[in-house]
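Everything on this sheet refers to the single structure shown next.
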Amino acid sequence: MSEPEQEFDRRARTREIQAEFAARGDALGWFDALYKEAAGDNEKIPWADLEPNRYFRAFAEKTGLRGNGRSALVVGCGLGDDACYLDDLGFKVTAFDISQTAIEWARRLHADRDIKFEVADLFEAAAEWKNPAATAPGSDIRGGFDFVLEVYTIQPLPLEMRERTIDAVASFVAPGGELVVVTRGRENDEEPDELPWPMSRRELSRFETHGLVQTFFEVMPGDDETPQPRFVAAYKR
Ligand SMILES: C[S@@+](CC[C@H](N)C(=O)[O-])C[C@H]1O[C@@H](n2cnc3c(N)ncnc32)[C@H](O)[C@@H]1O
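Take 7 as the starting number for the sequence shown in this note's numbering and just add one per residue.
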C-alpha cells in the first residue's frame with residue numbers, strides 16, 4: 007500500500023472507531039480502543055510519528071524556549087515525544103493521557119527518561135489538581151505547572167465539549183506560568199464537519215477569560231498529508 011493510501015486507511019479506521027463509541031454516548035473511550043488495536047504499531051495511529059510535534063518545535067526554536075528546571079505538563083501526551091522534547095529543553099516533565107495503553111507504551115519507549123507518565127482524565131485532573139496543595143491520586147503530581155503544552159487534544163473532542171475542554175486545560179497553568187496550544191485551525195464562521203474538528207480563533211479566545219494573556223499567535227501551513235493550517239498560540243498567566 008502506498009503512503010497516501012496508508013494514511014487514508016488509518017484515518018478512516020480512526021473515524022470508524024470514534025463513531026462507534028460516539029453512537030454509544032462515549033466521547034472518550036475510543037482513544038484507548040485505537041491504541042489497543044494498534045498493538046504496538048505506531049503506524050496505525052494517525053498522530054503517532056515518534057517525533058516531537060514539528061509546529062511546537064518551530065515555536066520553541068523561534069522563541070528560544072528553555073526549561074531551566076521549571077515544571078511542565080503535557081496534556082493528552084499520547085506516546086510522549088513532546089514530553090521528551092521538553093525534557094531535552096530542561097523542564098521537569100509530567101505527562102498524562104486518558105489511555106492506559108498509550109501511557110504504558112510511552113513508559114516503555116522512554117524508560118530511560120526522568121518523566122512522570124500518568125493515566126488521568128483531563129476533566130477529573132482539572133478538578134483535582136487545580137488547588138496547588140492537592141495531589142493527584144496514586145502519585146505525587148501537584149496542580150499548577152510553570153509550562154503547559156496541549157497538542158491536538160482539544161480538536162478530537164466533540165465541539166459541544168470544547169468550552170469545558172479549554173477551561174480544563176487553562177486550569178493547569180500556575181500563576182506566572184505559560185501555556186502553548188497547537189491545533190488545526192479554521193475560520194470563525196466555518197462549520198467543521200469531520201474528526202478532527204479544528205479550532206477557530208474565537209474558540210481560542212476563551213483561554214483569555216481565564217486570566218491568560220496571548221503572547222504569541224502564528225498560522226503555520228499544514229503538511230502534504232494533513233493540509234489544514236495549524237494554529238500555534240502561547241499564553242501567560
Ligand atoms: C490526537 S491525540 C494527540 C496525542 C499527542 N498529543 C500527539 O500530538 O501525538 C489526542 C490524545 O489525547 C488523549 N485524550 C483524549 N481525551 C483525553 C482526556 N479527557 N484526558 C486526557 N487525555 C485525553 C488521547 O488518548 C490521545 O492520546
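For glycine and all other residues, C-beta sits at the position ideal for the given N, C-alpha and C.
With 16 other Cβ atoms within 10 Å as the buried cut-off, status of residue i
| i | result |
| --- | --- |
| LEU40 | buried |
| GLU124 | buried |
| GLN84 | Residue 84 is actually Gly in this sequence, not Gln. Looking at its Cβ environment, which holds 16 or more other Cβ atoms inside 10 Å, GLY84 is buried. |
| GLY82 | buried |
| ARG108 | Here residue 108 is Ala; the residue named in the question, Arg, does not match the sequence. The residue in question, ALA108, is buried, as its Cβ has 16 or more Cβ neighbours within 10 Å. |
| VAL99 | buried |
| PRO52 | buried |
| THR189 | buried |
| ALA25 | exposed |
| ALA239 | buried |
| ALA66 | buried |
| ALA18 | exposed |
Residue i to residue j span [Cα, whole Å]
| i | j | result |
| --- | --- | --- |
| ALA29 | LYS68 | 43 Å |
| PHE237 | GLY182 | 23 Å |
| SER105 | PHE27 | 14 Å |
| SER8 | LYS50 | 14 Å |
| GLN12 | ILE172 | 32 Å |
| ALA176 | HIS216 | 7 Å |
| GLY46 | ILE121 | 20 Å |
| THR232 | PRO198 | 15 Å |
| TRP36 | LYS42 | 10 Å |
| ASP195 | PRO204 | 12 Å |
| ARG212 | GLU110 | 33 Å |
| VAL225 | ASN74 | 28 Å |
| ALA33 | ALA54 | 20 Å |
| GLU134 | ARG243 | 20 Å |
| PRO10 | ILE23 | 20 Å |
| ASP38 | CYS90 | 21 Å |
| ASN48 | ALA64 | 23 Å |
Under 8 Å between C-beta atoms of residue i and residue j
| i | j | result |
| --- | --- | --- |
| HIS116 | GLY70 | no |
| GLN234 | GLY191 | yes |
| ASP93 | ARG119 | yes |
| ARG72 | LEU95 | yes |
| ASN59 | VAL157 | yes |
| LEU185 | LEU218 | yes |
| PHE97 | ARG76 | yes |
| PHE153 | ALA131 | no |
| ALA180 | PHE151 | yes |
| GLU200 | ARG21 | yes |
| PHE62 | LEU155 | yes |
| PRO202 | PRO227 | no |
| LEU79 | PHE14 | no |
Cβ-heavy atom distance, residue i to ligand 3, below 7 Å
| i | result |
| --- | --- |
| ASN48 | Ligand 3 is not part of this structure, which contains only ligand 1. |
Whole-angstrom C-beta distance between residue j and residue i, which should lie under 8 Å
| i | j | result |
| --- | --- | --- |
| SER206 | GLU214 | 14 Å between Cβ atoms; not a contact. |
| LEU5 | ALA174 | Missing from the structure shown is residue 5; the chain here goes from 7 to 243 and no further. |
| ARG170 | ILE160 | Not a contact, Cβ separation roughly 10 Å. |
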